[in-house]
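Since the structure comes first, as structure tokens, the remarks are kept for the end.
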Amino acid sequence: MLDPIEIAPNIWWVGAIDWNERNFHGYTTDRGSTYNAYLIVDEHITLIDTVKKSFFDEMVERISQVVDPSKIEYIVSQHVEQDHSSGLPRMLELVPNAKVYTSDPAGVTGLKAHFGDIFDFQPVKTGDELSTGKYTLQFIQTPMLHWPDSMATYLPEEKILFSMDAFGQHLSTSQRFDYEVDFNEIIIQASKYYANIVMPYGLMVSRTLKALADYEFNLICPSHGIIWKEHIGDIVALYDKWSSDQVEDYAIVIYDTMWHSTELIAKNILEAFVEKGVPARLFDLKYNHISDVITETLKAKYVAIGSPTLNNGMMPSVAAFLTYLKGLTPKSRKAIGIAFGSYGWSGQSVGMVEAEMKECGFEMPFGIFREQWVPSDEVLASVKKTISDGLDELRA
Ligand code: FEO
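Here it is as structure tokens:
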């Protein structure tokens, strides 16, 4: 087992590494994850968060290398979601008298709803402080990052922010700090994490960034992935960009196809963008997981979604993607949408895609492309011309 890591004087990472996690409630985690718990060895020994219960023994073994776990007096539970809290009931067996600091009221109600009224709850709000002896913990409620109960904790003496899910990445490594891991790999995982977990709550991210603007950070310690030390400015700037709905001149074309007619339209839409100098990527939903495709929507100014008509509706893969998109995409993001698809006789799918995209907040100035059977060369040329002319108008 990997040893605990002292990340600052008497402050230890004692979490767990989940090398084999591949699906986090529907989001593919190709590089596994970590559940970060932090131990403060002070006059009052304090544990910040626990881990998923299947990793409880691993966490306790790490704690035991630093202190006797039965000496823990305070537990800060920053988030009710079970990847961080399901180890709490077993922790209580080791330290039945420990006080559990959690957000008021959502942390208390959430923990009670999950595990019963079994803890010595100490509800805390933004601005409340806890002295562990030499160190101070200042609580900052961050509702909806990523649940109503979520909160962060700042330790001013070492300028450490325990940021909970915010700034996290599902990434399992033996290294704990950002400067030890390839930066691009971290950012790929951080952006996927933001798109799949945090994206609907951009307004709360902006508020939190404003609330934290006057703080100084030596370390930002999220609950998943590496600890930010050398790249704090980079990840804060990216959260600022992502939460303010800034998009780039980039097009993504997402589709499923039965007999390649919808795919023909998809490829011509892609070519239309590329010919106008807009970088573009094509995603067939048979081969690309929705949690990877959604990550591309973080920066795409143009999003085209296509489905043939199947049984008077959309392909199930496209319907699943649109359901996922509707739950995650911020309506404030003013991206341009295109709905397209081929049909044989009834042809409902394209209108359904269009309606869903409008509900997601897309503007759709190019209209829709709804073509019967196999689109001819003339039809495909007209699709390209419509997009090309539309881009010229947008840029005029
Ligand atoms: Fe990592 Fe919202 O839990």
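Mapped onto the numbering used here, the consecutive letters of the sequence shown carry residue numbers -3 to 392. Beta carbons are placed, not taken as given, at the ideal position from N, Cα and C, and that holds for glycine.
Go through its chain and collect everything with a Cβ distance to Ile364's Cβ below 6 Å, but skip five positions before and after it.
For the purposes of this step, residue 364 is identified with residue 368 of the sequence shown, where counting begins at 1. Correct list, in chain order: Ala335, Val346 and Glu350.
Using the Cβ count rule (16 or more neighbours within 10 Å means buried), how would you classify Ser60?
As a first step, residue 60 is located in the sequence shown; it is residue number 64 there, counting from the start. Label assigned to Ser60: exposed.
Keeping to the same chain, check which residues put their C-beta closer than 6 Å to that of Leu387; ignore five residues upstream and five downstream.
Against the sequence shown, residue 387 aligns to sequence position 391. If we look at Leu387 and ignore the five residues flanking it on each side, its Cβ neighbours are Lys272.
Within this structure, are the beta carbons of Val395 and Leu157 separated by less than 8 Å?
This structure cannot settle anything about residue 395, because the visible part of the chain is limited to -3 through 392.
Along the chain, where does the alpha helix (DSSP H) that runs through Ala102 open and close?
As a first step, residue 102 is located in the sequence shown; it is residue number 106 there, counting from the start. Start and end: Ala102 to Phe111.
Evaluate Ile114 with the Cβ neighbour count: other Cβ atoms within 10 Å of its Cβ, from every protein chain shown; 16 or more gives buried, anything less gives exposed.
Taking the first residue of the sequence shown as 1, we reach residue 114 at position 118. Classification for Ile114: exposed.
Would you check whether ligand 1 has a heavy atom nearer than 7 Å to the C-beta of Ser345?
Mapped onto the sequence shown, residue 345 falls at position 349. It does not: the Cβ of Ser345 is nowhere closer than 7 Å to a heavy atom of ligand 1.
Name the two residues that bound the continuous alpha helix (DSSP H) containing Gln137.
Here residue 137 refers to the residue found at position 141 of the sequence shown. Careful: Gln137 lies outside any alpha helix (DSSP H), inside the beta strand (DSSP E) at Thr132 to Gln137.
Looking at the secondary structure, which residues open and close the alpha helix (DSSP H) in which Pro119 lies?
As a working mapping, residue 119 is identified with position 123 in the sequence shown. Per DSSP, Pro119 belongs to no alpha helix (DSSP H); it is in the beta strand (DSSP E), Asp116 to Val120.
Look at the Cβ atom of Tyr318, then the Cβ atom of Glu352, and state whether they are nearer than 8 Å.
Taking the first residue of the sequence shown as 1, we reach residue 318 at position 322. Taking the first residue of the sequence shown as 1, we reach residue 352 at position 356. The identity of residue 318 in the sequence shown is Leu, whereas the question assumes Tyr. Yes, they are a contact pair.
For Phe358, which option in Ala148, Tyr339 and Thr293 has the closest C-alpha, if you only look at C-alpha atoms?
Position 362 of the sequence shown holds residue 358. With distances taken between Cα atoms, Phe358 lies closest to Thr293.
Could you tell me which residues DSSP pairs with Pro413 in its beta bridges?
Since the displayed the chain opens at -3 and closes at 392, residue 413 lies outside it and no answer follows.
Can you tell me whether Gly340 is buried or exposed, with buried defined as 16 or more other CB within 10 angstroms of its CB?
For the purposes of this step, residue 340 is taken as residue 344 along the sequence shown, with counting starting at 1. So Gly340 counts as exposed.
Helix, strand or coil, according to DSSP, for Ser338 in the structure here?
The residue labelled residue 338 in the question sits at position 342 within the sequence shown. Note: Ser338 maps to strand in three-state DSSP.
Looking at Trp224: is its Cβ nearer than 8 Å to the Cβ of Asp174?
Your numbering for residue 224 matches position 228 in the sequence shown. Your numbering for residue 174 matches position 178 in the sequence shown. Yes, Cβ-Cβ distance for Trp224 and Asp174 is below 8 Å.
Quick check: is any heavy atom of ligand 1 less than 7 Å from the C-beta of Glu77?
For the purposes of this step, residue 77 is identified with residue 81 of the sequence shown, where counting begins at 1. Glu77 Cβ: within cutoff of ligand 1.
Quick check: the Cα distance between Lys49 and Gln78, rounded to an integer number of angstroms?
In the sequence shown, residue 49 corresponds to position 53, counting from 1. In the sequence shown, residue 78 corresponds to position 82, counting from 1. Cα to Cα, Lys49 sits roughly 8 Å from Gln78.
Among the candidates Ala148, Ile383 and Glu153, whose CA atom is the shortest distance from the CA of Lys130?
Here residue 130 refers to the residue found at position 134 when the sequence shown is read from its first residue. Here the closest residue by C-alpha is Glu153.
Within its chain, find whatever has a CB closer than 7 Å to the CB of Gln185; leave out the 5 residues flanking it on each side and keep chain order.
Along the sequence shown, read from residue 1 onward, the residue named residue 185 stands at position 189. Correct list, in chain order: Arg27, Gln165, His166, Leu167 and Gly221.
Just curious, the alpha helix (DSSP H) that Lys95 is in, first and last residue?
By one-based count along the sequence shown, residue 95 stands at place 99. No alpha helix (DSSP H) contains Lys95, which is instead part of the beta strand (DSSP E) from Lys95 to Ser99.
What are the residues that DSSP puts in a beta bridge with Pro217?
Counting from 1 along the sequence shown, the entry for residue 217 is found at position 221. The amino acid at residue 217 is misidentified as Pro; the sequence shows Cys. Answer is Phe158, bridged to Cys217.
Just the Cα atoms here: how many angstroms apart are Val10 and Leu199?
Residue mapping note: residue 10 aligns to position 14 of the sequence shown, counting from 1. Residue mapping note: residue 199 aligns to position 203 of the sequence shown, counting from 1. Each residue's alpha carbon lies about 32 Å from the other.
Does the separation of the CB atoms of Asp124 and Phe111 fall below 8 Å?
As a working note, residue 124 is residue 128 in the sequence shown. As a working note, residue 111 is residue 115 in the sequence shown. Contact: no.
Within the region 160 to 211, note down every full alpha helix (DSSP H) run reaching 4 residues or more, in order along the chain.
Segments of the alpha helix (DSSP H) lying fully in the region 160 to 211: 179 to 189 and 198 to 207.
Going by other Cβ atoms of all chains shown within 10 Å of its Cβ, with 16 needed for buried, is Asn307 buried or exposed?
One-based indexing of the sequence shown puts residue 307 at position 311. Looking at its Cβ environment, which holds fewer than 16 other Cβ atoms inside 10 Å, Asn307 is exposed.
Quick check: the Cα distance between Gly229 and Ala207, rounded to an integer number of angstroms?
To locate residue 229, count along the sequence shown from 1; it is residue 233. To locate residue 207, count along the sequence shown from 1; it is residue 211. Spanning the two alpha carbons is a distance of roughly 16 Å.
Nearest by alpha-carbon distance to Ser240: which of Tyr150, Glu259, Ile183 and Ala331 is it?
Taking the sequence shown and counting its residues from 1, the one referred to as residue 240 is at position 244. For the residues Tyr150, Glu259, Ile183 and Ala331, the minimum Cα distance to Ser240 belongs to Ala331.
For Asp145, which of Gln74, Ala94, Tyr197 and Glu212 has the nearest alpha-carbon?
Taking the first residue of the sequence shown as position 1, residue 145 is located at position 149. Out of Gln74, Ala94, Tyr197 and Glu212, Gln74 has the C-alpha closest to the C-alpha of Asp145.
Do Tyr34 and Ile44 have their CB atoms nearer than 8 Å?
Mapped onto the sequence shown, residue 34 falls at position 38. Mapped onto the sequence shown, residue 44 falls at position 48. Yes, these two residues count as a Cβ contact at 8 Å.
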